[in-house]
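Student: Residue 76 in the UniProt record's numbering sits at position 76 of the sequence shown, with consecutive numbering throughout.
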Amino acid sequence: MIAGACAKRGRIRVTTLYPGGMDTDLYANAGTAPEVSHGQEWMMPPERVAAAVAFVLRLLEDTVVSRLTIGPNLGPR
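1) Would you say Thr16 and Val56 are within 8 Å of each other, going by their C-beta atoms?
2) Tell me whether Arg67 sits in a helix, a strand or coil according to DSSP, three-state version.
3) Is the beta carbon of Val49 closer than 8 Å to that of Pro19?
4) Which residue wins for smallest C-alpha separation from Arg67, given the options Trp42, Arg13, Lys8, Arg9?
5) From the DSSP secondary-structure annotation, give me the bridge partner or partners of Met22.
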């Protein structure tokens, strides 16, 4: 809704980003137990989210990514 209104008013692109758990100090600073605050399978390095944001920013101005959900691939390796 907001993205559509911005696009109509001035060709402003809005992307809503839904990142999964990231391997940062957020969990440790929130008081989470040390054994689950880093290095978990469901955590991504923040650089992965940064790469996704950079990808969206490099798109041509006539292209909009309205929603982006990013998470680790937890399938078999």
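Even glycine gets a Cβ: it sits at the ideal position worked out from N, Cα and C.
Please read all numbers here as calculations on a predicted model, not as lab measurements.
Tutor: Reading from the atomic positions:
1) No; because the gap between Cβ atoms is not below 8 Å, this pair is not in contact.
2) Strand at Arg67.
3) Result yes, Cβ atoms of Pro19 and Val49 sit closer than 8 Å.
4) Closest option to Arg67, Cα to Cα, is Arg13.
5) DSSP lists Met44 as partners of Met22.
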